[in-house]
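The structure appears right after this line, and notes come after that.
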Amino acid sequence: MLNQLFGISPSWFSDPFLAKTMVLIVNTWLGFPYMMILCMGLLKAIPDDLYEASAIDGAGPFKNFFHITVPLMIKPMTPLLIASFAFNFNNFVMIQLLTNGGPNMIGTSEPAGYTDLLVSYTYRIAFEGGGGQDFGLASAIATLIFLLVGGMALLNLRFTKLSQD
Numbered sequence: 001m002l003n004q005l006f007g008i009s010p011s012w013f014s015d016p017f018l019a020k021t022m023v024l025i026v027n028t029w030l031g032f033p034y035m036m037i038l039c040m041g042l043l044k045a046i047p048d049d050l051y052e053a054s055a056i057d058g059a060g061p062f063k064n065f066f067h068i069t070v071p072l073m074i075k076p077m078t079p080l081l082i083a084s085f086a087f088n089f090n091n092f093v094m095i096q097l098l099t100n101g102g103p104n105m106i107g108t109s110e111p112a113g114y115t116d117l118l119v120s121y122t123y124r125i126a127f128e129g130g131g132g133q134d135f136g137l138a139s140a141i142a143t144l145i146f147l148l149v150g151g152m153a154l155l156n157l158r159f160t161k162l163s164q165d
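In terms of the UniProt record's numbering, the sequence shown is residues 1 to 165.
Structural data, given as structure tokens:
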């Protein structure tokens, strides 16, 4: 489409920067509806009385946004944002189907790609290794992933507990 409209054809799959940009654009496109529905629900839950009282006090739209809307949305959104980050941290399917971890890094001893996540990198080490399958290294990386995601889950639990207090 870009080639037809503007006469350019970006090398999405061979340029590392463009490949990362493509993954970011697709991931944002996929996650946008979920976050939009959450934000719309939170905005509807904010009582109109607060905005009416701030209008009587002379507050403008920017003051309303930063002193009413953001504080009332950030507490319920924090655990959801952390969970979304943890999901995207392990979004193996998107990387595998979109780029297969590529473009490959040249000169590495392990099969690493510029768009690889830890999960897709672990998969490549375990099942697509250039020098053979290295299940030991893949298991070590999987343990690291477990510890990182477990830490994020504990952080999420802590923020959820704080928001309930």
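Note that beta-carbon positions come from the ideal geometry of N, C-alpha and C, so glycine has one too.
Nearest-angstrom Cα separation, counted from Gly113 out to Ile141:
Within the sequence shown, residue 141 is the residue found at index 141, counting from 1. Within the sequence shown, residue 113 is the residue found at index 113, counting from 1. Going by the C-alpha atoms only, they are around 16 angstroms apart.
Quick check on Asn27: does DSSP put it in helix, strand or coil?
In the sequence shown, the residue the question calls residue 27 occupies position 27. In the structure shown, Asn27 sits in a helix (DSSP, three-state: H, G or I).
Counterpart residues of Gly113 in DSSP-defined beta bridges:
On the sequence shown, residue 113 is found 113 positions in, with the first residue counted as 1. Bridge partners of Gly113: Asn104.
Check whether the region 73-81 touches the region 34-42, counting contact only when three or more Cβ pairs, one atom from each stretch, lie closer than 8 angstroms.
yes
Inter-residue CB distance, Thr122 and Gly102 (contact presumed, cutoff 8 angstroms):
Taking the sequence shown and counting its residues from 1, one reaches residue 122 at position 122. Taking the sequence shown and counting its residues from 1, one reaches residue 102 at position 102. Not confirmed; about 16 angstroms, so no contact.
Below 8 angstroms on the Cβ atoms is my guess for Ser120 versus Ile95; work out the distance and round it to an integer in Å.
Start at 1 with the first residue of the sequence shown, and residue 120 comes out as number 120. Start at 1 with the first residue of the sequence shown, and residue 95 comes out as number 95. Contact flag correct, Cβ pair sits at about 4 angstroms.
Check whether Met117 and Phe89 have beta carbons under 8 angstroms apart:
Within the sequence shown, residue 117 is the residue found at index 117, counting from 1. Within the sequence shown, residue 89 is the residue found at index 89, counting from 1. The residue you asked about is not Met; residue 117 is Leu in the sequence shown. A contact, by the Cβ cut-off of 8 angstroms.
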